[in-house]
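Just below is one structure, and these are the notes that go with it.
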Amino acid sequence: MPTENIKLPKNPQPGEWRSEDLSQKYIASYKPFNFVDGEGVRCSLYVSGCRFACPGCYNAAAQNFRYGKPYTDELQEQILDDLSQSYVQGLTLLGGEPFVNTQVCLQLVDALRARFGHTKDVWSWTGYTWDELMQETPDKLELLSKIDILVDGRFLLAKKDLTLQFRGSSNQRIIDVQKSLATGEVVIWDKLVK
Ligand code: SF4
7 MPTENIKLPK NPQPGEWRSE DLSQKYIASY KPFNFVDGEG VRCSLYVSGC RFACPGCYNA
67 AAQNFRYGKP YTDELQEQIL DDLSQSYVQG LTLLGGEPFV NTQVCLQLVD ALRARFGHTK
127 DVWSWTGYTW DELMQETPDK LELLSKIDIL VDGRFLLAKK DLTLQFRGSS NQRIIDVQKS
187 LATGEVVIWD KLVK
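Under my numbering, the residues of the sequence shown are numbered 7 to 200, in order.
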């Protein structure tokens, strides 16, 4: 097949996709007490809306910003109550795209830190690469500054590998956010096996 016919995800300009323009504050799903969205037992919030349009997206329905239902204070209280279980390691943000739903994600992460400090960790997936996020809007950088682990980059069918930990294609990285921000370069999660 000629390479020009191979569909690829979209590439936004810095600041092109703004949460305040795009987010409808909808969520596709909430999955408490799961073992697959990061390390340990986790509570996972899947926000609605993503413009990367990766061919082969694992959750294509959630690309629609109006998919699912509105995020509510009641759901946030439920998530915080679920996180209070001692066996829960932390919160995971997925989508859709968490970084174009920063109103929802920042509200929840701030509430988590207020109640649990750093006794619970926060993982997030994003279609943005780390370098792209470094050029992004203040709300995205604020969310990044408040999370522990970031799985970055689009899903690329040509690099699909189902044997990888917590990611679908080999271009994606599991990044230790706080170490990366402190050193100014991407530091990979120190528990990476593959
Ligand atoms: S970034 Fe994630 S949610 Fe968005 S289209 Fe790609 S795989 Fe789907």
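C-beta atoms are modelled at their ideal positions from N, C-alpha and C, and glycine is treated no differently. These numbers come from a predicted model, not from an experiment.
Kindly give me the distance between the Cβ atoms of G136 and I155, rounded to whole angstroms, as I take these residues to be in contact under 8 angstroms. Numbered from 1 along the sequence shown, position 130 holds the residue referred to as residue 136. Numbered from 1 along the sequence shown, position 149 holds the residue referred to as residue 155. Reading the sequence as shown, one finds Trp at residue 136 and not Gly. About 12 angstroms; that fails the 8 angstroms criterion.
Please give me, in chain order, every unbroken run of the alpha helix (DSSP H) with length at least 4 that falls completely inside the stretch 99 to 150. Correct list: 108 to 122, 136 to 140.
Considering only residues of the stretch 10 to 56, which uninterrupted beta strand (DSSP E) runs meet the minimum length of 3 residues and lie entirely inside it, listed in chain order? 32 to 40, 47 to 53
Is the beta carbon of N107 closer than 7 angstroms to that of S29? Position 23 of the sequence shown holds residue 29. Position 101 of the sequence shown holds residue 107. In contact: S29 and N107 (Cβ atoms closer than 7 angstroms).
Go to V183, then tell me how far its alpha helix (DSSP H) extends in each direction, as first and last residue. As a first step, residue 183 is located in the sequence shown; it is residue number 177 there, counting from the start. Segment 183 to 189, the alpha helix (DSSP H) holding V183.
Same chain, Cβ closer than 6 angstroms to V110, neighbours up to 5 away in sequence not counted: The count along the sequence shown starts at 1 and reaches residue 110 at position 104. For V110, where only same-chain residues beyond five positions count, the Cβ hits under 6 angstroms are K31, V53, Y77.
CA-CA distance, P18 and L112? Translated into the one-based positions of the sequence shown, residue 18 becomes position 12. Translated into the one-based positions of the sequence shown, residue 112 becomes position 106. Cα to Cα, P18 sits roughly 22 angstroms from L112.
Got a sec, what are the start and stop residues for the alpha helix (DSSP H) L86 sits in? Taking the sequence shown and counting its residues from 1, one reaches residue 86 at position 80. That run of the alpha helix (DSSP H) goes 79 to 89.
Helix, strand or coil at P8 according to DSSP, with G and I counted as helix: As a working mapping, residue 8 is identified with position 2 in the sequence shown. The predicted position of P8 is uncertain, since its pLDDT is 49 and thus under 50; a value taken from the coordinates is nonetheless stated next. The answer is coil: DSSP assigns P8 none of H, G, I, E or B.
Which residues bound the beta strand (DSSP E) around D167? Within the sequence shown, the letter at position 161 stands for residue 167. No beta strand (DSSP E) contains D167, which DSSP labels as neither H nor E.
Taking the beta carbon of G159 as the centre, do at least 16 other beta carbons fall within 10 Å, making it buried, or is it exposed? Numbered from 1 along the sequence shown, position 153 holds the residue referred to as residue 159. Its Cβ being crowded by 16 or more others within 10 Å, G159 is buried.
Between the CA atoms of L86 and D79 - distance to the nearest angstrom: Taking the sequence shown and counting its residues from 1, the one referred to as residue 79 is at position 73. Taking the sequence shown and counting its residues from 1, the one referred to as residue 86 is at position 80. Their Cα atoms are separated by approximately 11 angstroms.
Name the DSSP bridge partner or partners of K75? One-based indexing of the sequence shown puts residue 75 at position 69. Under DSSP, K75 shares a beta bridge with I33.
Residue environment, A68, which counts as buried when at least 16 other CB atoms sit within 10 Å: Along the sequence shown, read from residue 1 onward, the residue named residue 68 stands at position 62. With 16 or more Cβ atoms within 10 Å of its Cβ, A68 is classed as buried.
Of the residues S151, G96, N70, P144, which one's Cα is nearest the Cα of Q125? The residue you call residue 125 lines up with position 119 of the sequence shown. In the sequence as displayed, the identity of residue 125 is Thr instead of Gln. Nearest option by C-alpha distance: G96.
Under the three-state reduction of DSSP, which class applies to Q69: helix, strand or coil? If you number the sequence shown from 1, residue 69 lands on position 63. Note: Q69 maps to helix in three-state DSSP.
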